[in-house]
Amino acid sequence: MRADAERSTARILEAAEDVLADDAAAPLERIADAAGVARATLHRRFSSRGALIDALAARLNERYVSALAETRVESAPPLVALRRLTETVFDLKLGHRFAASLPAAVTPDVLAGLDLVFARLHDAGMITAADPTWGRRIFLALLHEVADLPAGAPTLAATGIDDEIDARTELHVRTVLGALGGDPARNDERGAPETGTPRS
Numbered sequence: 001m002r003a004d005a006e007r008s009t010a011r012i013l014e015a016a017e018d019v020l021a022d023d024a025a026a027p028l029e030r031i032a033d034a035a036g037v038a039r040a041t042l043h044r045r046f047s048s049r050g051a052l053i054d055a056l057a058a059r060l061n062e063r064y065v066s067a068l069a070e071t072r073v074e075s076a077p078p079l080v081a082l083r084r085l086t087e088t089v090f091d092l093k094l095g096h097r098f099a100a101s102l103p104a105a106v107t108p109d110v111l112a113g114l115d116l117v118f119a120r121l122h123d124a125g126m127i128t129a130a131d132p133t134w135g136r137r138i139f140l141a142l143l144h145e146v147a148d149l150p151a152g153a154p155t156l157a158a159t160g161i162d163d164e165i166d167a168r169t170e171l172h173v174r175t176v177l178g179a180l181g182g183d184p185a186r187n188d189e190r191g192a193p194e195t196g197t198p199r200s
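In this text, residue positions in the sequence shown follow full-length UniProt numbering: the first is 1, and each later residue adds one.
In structure tokens form, the structure reads like this:
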């Protein structure tokens with residue numbers, strides 16, 4: 001019974017993400033139909049539309065937190081961490097277009113992880129912007145803009161990278177570094193910084 005409930009909950013969440021990404025005002029009946037469950041089943045799992053949306057945000061936040069852990073933001077070279085994190089977030093945003101638009105999907109733990117990346121980039125001399133909160137805000141604002149570019153956008157094509165996620169990652173990272181006083185040309189394709197004396 002528990003396994004069946006977990007499977008139906010997962011189907012409902014996946015269906016809700018797809019349906020609401022196309023129509024944020026879609027009724028719950030359409031989500032139930034897309035999930036292949038009765039509306040009563042949906043209501044047993046989620047007492048209201050708000051509860052369903054909260055669950056979508058919580059699920060995406062868990063994946064953001066996992067991404068921060070897998071990226072090793074505390075120990076990996078900071079530019080490598082930034083690239084890995086950007087790639088993962090783009091992948092999540094493309095697969096969770098509705099939930100990614102919810103402010104509740106980004107909790108203080110996620111924001112703190114992003115701040116750490118930008119503090120480490122500054123400490124390593126890769127950016128001149130000293131305020132990690134500003135770095136994080138630039139990162140998130142540009143993330144939205146780059147994610148919204150159509151697949152055939154000239155700006156993406158100019159990266160010379162065929163893979164969509166890789167192209168968006170490259171464009172985003174180079175733009176963020178440039179906006180924060182960094183020099184993306186100093187770093188190789190894998191994001192390894194040149195050696196040198198860090199800026200104070």
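Every residue gets a Cβ at the ideal spot worked out from N, C-alpha and C, and that includes glycine.
- Message: residue 88 and residue 71 - do their beta-carbons sit closer together than 8 Å?
- Response: Counted from its first residue, the sequence shown places residue 71 at position 71. Counted from its first residue, the sequence shown places residue 88 at position 88. Cβ atoms of residue 71 and residue 88: closer than 8 Å.
- Message: Considering Cα atoms alone, identify which of 51, 45 and 12 is closest to residue 34.
- Response: Residue numbering aside, residue 34 sits at position 34 when the sequence shown is read from its first letter. Selected option, being the one with the closest Cα: 12.
- Message: So residue 60 and residue 100 are supposed to be a Cβ contact under 8 Å. How far apart are they, rounded?
- Response: Here residue 60 corresponds to residue number 60 of the sequence shown, with the count starting at 1. Here residue 100 corresponds to residue number 100 of the sequence shown, with the count starting at 1. Confirmed, Cβ separation roughly 7 Å.
- Query: Does the beta-carbon of residue 190 have 16 or more other beta-carbons within 10 angstroms, so that it is buried, or is it exposed?
  - Reply: Locating residue 190 in the sequence shown gives position 190, where the first residue counts as 1. Low per-residue confidence applies at residue 190: pLDDT is 36, beneath 50, and the placement is therefore not dependable enough to give any value.
- Item | Assigned exposure category for residue 115 - 16 Cβ within 10 Å defines buried | Position 115 of the sequence shown, counted from the start, is the residue given in the question as residue 115. With 16 or more other Cβ atoms within 10 Å, it is buried.
- Message: Am I right that residue 86 and residue 45 are in contact with their C-beta atoms under 8 Å? What's the rounded C-beta distance?
- Response: Walking along the sequence shown from the start, residue 86 turns up at place 86. Walking along the sequence shown from the start, residue 45 turns up at place 45. Their Cβ separation, rounded to whole angstroms, is 33 Å, which puts residue 86 and residue 45 out of contact at 8 Å.
- Task: Indicate the three-state DSSP secondary structure (helix, strand or coil) for residue 165 in the structure shown.
- Result: Numbered from 1 along the sequence shown, position 165 holds the residue referred to as residue 165. Correct three-state label for residue 165: helix.
- Task: Taking residue 164 as the reference, give the member of 146, 179, 28 and 176 with the closest Cα.
- Result: Residue numbering aside, residue 164 sits at position 164 when the sequence shown is read from its first letter. Nearest option by C-alpha distance: 146.
- Message: Under DSSP, the alpha helix (DSSP H) around residue 108 begins and ends at which residues?
- Response: By one-based count along the sequence shown, residue 108 stands at place 108. Run containing residue 108: 108 to 123, per the alpha helix (DSSP H) assignment.
- Query: Where residue 130 and residue 43 are concerned, what is the direct C-alpha to C-alpha distance, given to the nearest angstrom?
  - Reply: Within the sequence shown, residue 130 is the residue found at index 130, counting from 1. Within the sequence shown, residue 43 is the residue found at index 43, counting from 1. One C-alpha to the other measures close to 48 Å.
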